[in-house]
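Single-structure report; data block below.
Number of protein chains: 2
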Amino acid sequence: MQTAASTSTPLDFCEDRRQRILDTALRLFGSVGYFNTSLQDIRREADVSIGTIYHYFQNKEAIAGALYQELVAMMSSTLDSIFAAHDATHSRGRAVMAFFFEMTETAPEAMHYILYARHQEFMPAQVPICSAEPFAKIVRMVVRGMERGEIRTMHPMIATTTLFGGAMRLIHLYLDGVLDMPLGSCLEESWECGWRAVAAD
Amino acid sequence: MQTAASTSTPLDFCEDRRQRILDTALRLFGSVGYFNTSLQDIRREADVSIGTIYHYFQNKEAIAGALYQELVAMMSSTLDSIFAAHDATHSRGRAVMAFFFEMTETAPEAMHYILYARHQEFMPAQVPICSAEPFAKIVRMVVRGMERGEIRTMHPMIATTTLFGGAMRLIHLYLDGVLDMPLGSCLEESWECGWRAVAAD
DNA sequence: GAACGTAGATCGAACGTTCATTCTACCCAC
DNA sequence: GTGGGTAGAATGAACGTTCGATCTACGTTC
């Protein structure tokens, strides 16, 4: 075993394997896709055996499901932190967009997997990402902005897609390698554009 | 055969088969995805044999490639028509958005396939849709709008994603069955939002 | 502290299925 | 009879999954 001697509890040991499987799967699912990733690929790159994979996960789909829920939960709690740290809708929205951009640049595979993949194709039972909790939280943030008079009154979905749609497309372009600049340098302009489109008066 | 007796030249006959394969493949690729569609599925639903499929296409990927190029060409020529029929950037952009919305509602599978699918995963050699001709034409339209003073001067990519990003997200929501209204009813508001974000002064 | 028992963790060969592709035979218009 | 179309069984590779063997850590008993 290659683990250091200091961390030696069995739980750590086990979780290490499980986590290595998840990390590897995320990297592969995000880069080449779920269907182009075989369990042998995961086995090889995570340096575990097939048996170990099936010890921790019921099947291949369960790996994808665990990743999905892990990422959705992370996004959801990050949004909570952002809402707690900011009050005005303008600064809240800007922080959300900054978080998305930053995560795209630091963990592109995760962003690819969570935003880009067609989850329904390999997880038929899973709720589509657009109906998931994080998305709903953002819509609620926009609606509250309307109630406070910070955002013009309009259809909530149109307001939300207007505010963040441009940024989402920039993220897609970045992940496709089409954008010729870092995402961070787009933040100011993209956010101000989105805000200008929905801001009151 | 179920084809009418009137259309009887061999070419028509052949093209009929070829087209039936393409139509069926588009429907299946768009609804359940490329990897969840087997050639047997296409064979069954198109009512042809495996041999016929391989007579018209080199392999499965070639079917996807033919569909991709067909749809890209269609979009490209539609954009040309729109640009010929409208001069001002405002009316051009609005017509483009109307076309996207209308196509999404009349041919959702085609839109799903062309906008949503991760083509790189099953057509490694294919240029990503965001680098393809139609996308470039829209960017050029926006840049011309800047040169004419109709659109504020800013980074072309940011302007384009701002102008159409919201609509693209609405299309995604619609295709995911999350939007509770017809796309057509969003056109006015979504377009005005996008335009307000980038319009000069 | 040595021997034993147990349960969880790990391993990888083997299995059965699915799938894209190939191949050979047949049909029919000219 | 020739050749473009058509048919569908045969092929072989790849894949997800199963299963029994092995290993390891640790509590229990003497």
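Quick note, the sequences are listed as chains A and B, same order.
All the letters of the first sequence, read from the start, carry residue numbers -2 to 198 under this note's numbering.
All the letters of the second sequence, read from the start, carry residue numbers -2 to 198 under this note's numbering.
Here a beta-carbon is modelled for each residue, glycine too, at the ideal position from N, C-alpha and C.
All figures in this text were calculated on a predicted structure; none of them were measured in a lab.
Taking Cβ to Cβ, would you say residue i is nearer than 9 Å to residue j?
i                      : j                      : result
residue 193 of chain B : residue 194 of chain A : yes
residue 65 of chain B  : residue 110 of chain B : yes
residue 153 of chain A : residue 175 of chain A : no
residue 125 of chain B : residue 77 of chain A  : no
residue 119 of chain A : residue 185 of chain A : no
residue 164 of chain A : residue 108 of chain A : no
residue 97 of chain B  : residue 134 of chain B : no
residue 187 of chain B : residue 155 of chain A : yes
residue 149 of chain B : residue 197 of chain B : yes
residue 171 of chain A : residue 105 of chain A : yes
residue 181 of chain B : residue 162 of chain A : no
Using DSSP with H/G/I as helix, E/B as strand and the rest coil, what is residue i?
i                      : result
residue 7 of chain B   : Because the pLDDT of residue 7 of chain B is 40, which lies under 50, any placement of that residue in the model is unreliable, and the number read from its coordinates should be weighed accordingly. Three-state result, residue 7 of chain B: helix.
residue 104 of chain B : coil
residue 81 of chain A  : helix
residue 164 of chain B : helix
residue 194 of chain B : helix
residue 115 of chain A : coil
residue 46 of chain B  : coil
residue 55 of chain B  : coil
residue 72 of chain A  : helix
residue 94 of chain B  : helix
residue 123 of chain A : coil
residue 30 of chain A  : coil
residue 35 of chain B  : coil
Measure the beta-carbon distance from residue i to residue j and round it to whole angstroms, keeping in mind my assumption that it falls under 8 Å.
i                      : j                      : result
residue 63 of chain A  : residue 19 of chain A  : 6 Å
residue 203 of chain A : residue 14 of chain A  : Given a span of -2 to 198 for chain A in the structure shown, any question on residue 203 of chain A remains unanswerable.
residue 159 of chain B : residue 190 of chain A : 4 Å
residue 138 of chain A : residue 86 of chain A  : 7 Å
residue 21 of chain A  : residue 39 of chain A  : 5 Å
* If you pair each beta-carbon of the segment 65 to 74 of chain A with each one of the segment 113 to 130 of chain A, do three or more pairs fall below 8 Å? -> yes
* Asked: Do the segment 24 to 31 of chain B and the segment 105 to 119 of chain B meet, that is, are 3 or more Cβ pairs less than 8 Å apart?
  -> Yes: at least three Cβ pairs fall under 8 Å.
* Asked: Between the segment 95 to 113 of chain A and the segment 139 to 146 of chain B, do at least 3 Cβ pairs fall closer than 8 Å?
  -> no
* Asked: At which residue ranges does the segment 128 to 181 of chain A contain complete alpha helix (DSSP H) runs of 4 or more residues, listed in the order of the chain?
  -> 130 to 144 and 153 to 172
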